[in-house]
Amino acid sequence: LPAPATLLVPDLRCTTNSETPLFQCVLTGLWINDLGSNMTIGALNGKGEFSGSYHTAVTATMNEIQVSPMQGVQHRTNQKKSQPTFGFTVNWSFSESTTAFVGQCFIDHRGKEMLETVWLLREEVPSRRDAWKATR
Numbered sequence: 143l144p145a146p147a148t149l150l151v152p153d154l155r156c157t158t159n160s161e162t163p164l165f166q167c168v169l170t171g172l173w174i175n176d177l178g179s180n181m182t183i184g185a186l187n188g189k190g191e192f193s194g195s196y197h198t199a200v201t202a203t204m205n206e207i208q209v210s211p212m213q214g215v216q217h218r219t220n221q222k223k224s225q226p227t228f229g230f231t232v233n234w235s236f237s238e239s240t241t242a243f244v245g246q247c248f249i250d251h252r253g254k255e256m257l258e259t260v261w262l263l264r265e266e267v268p269s270r271r272d273a274w275k276a277t278r
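When we follow our numbering, the leftmost residue of the sequence shown carries the number 143, and every step to the right adds one.
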């Protein structure tokens, strides 16, 4: 079960997408946050869907951290709106939990891409009576 701090993505920076034109945000590439967690987003299909992987740097479980699969979608953009919204889920390979992220890609005045996200993690619990503590 990843710790809440594991999945903070407010300062993900793209490290492989150096060919992005100024003021156009592209999700495809390798993103790394302040904690050292990273995710790789593959090419978007015609519907704006993408897949990739997320490798968290920290966890609240005693399990060995493993790279985990992710699936997502980006809102279609046009010339006037080049800072798209998106959402994706991570199905953690090393714990009984799933996290949903939503966010937006922003471009600063220097052309640097940054993702701002919020997330919600749900872990498996043994019964409905324990559901109150399953979501972070």
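Just so you know, even glycine gets a beta-carbon here, dropped at the ideal spot from N, CA and C.
Remember, predicted model here, so these are calculated numbers, not experimental data.
{"Item": "Identity of the residue in Leu172, Ile183 and Phe236 nearest Ala202 by Cα", "Value": "Phe236"}
{"Item": "Rounded Cβ spacing between Met212 and Met181 (contact assumed at less than 8 Å)", "Value": "7 Å"}
{"Item": "Nearest residue (CA-CA) to Val114, options Arg278, Gly178, Thr227 and His251", "Value": "Because the chain in this structure spans residues 143 to 278, residue 114 falls outside the shown range and cannot be described."}
{"Item": "Beta-carbon separation (whole angstroms), Ile183 vs Gly194, contact threshold 8 Å", "Value": "4 Å"}
{"Item": "Proximal residues to Gln225 (C-beta, below 7 Å), its chain only, five neighbours per side dropped", "Value": "Cys167, Gln246, Cys247, Phe248 and Ile249"}
{"Item": "Cross-strand partners of Gly214 (DSSP beta bridge)", "Value": "Phe192 and Phe230"}
{"Item": "7 Å Cβ cutoff, Ala199 in contact with chain D", "Value": "Absent from the structure: chain D. Only one protein chain is present."}
{"Item": "Distance, Arg270 Cα to Gly190 Cα", "Value": "35 Å"}
{"Item": "Short Cβ contact (7 Å threshold) for Ala242 with Thr259", "Value": "no"}
{"Item": "Delimiting residues of the beta strand (DSSP E) encompassing Cys247", "Value": "Ser239 to Ile249"}
{"Item": "Simplified DSSP assignment, three categories, for Arg278", "Value": "coil"}
{"Item": "Closest residue to Trp173 among Thr198, Val215 and Glu266 (Cα-Cα distance)", "Value": "Thr198"}
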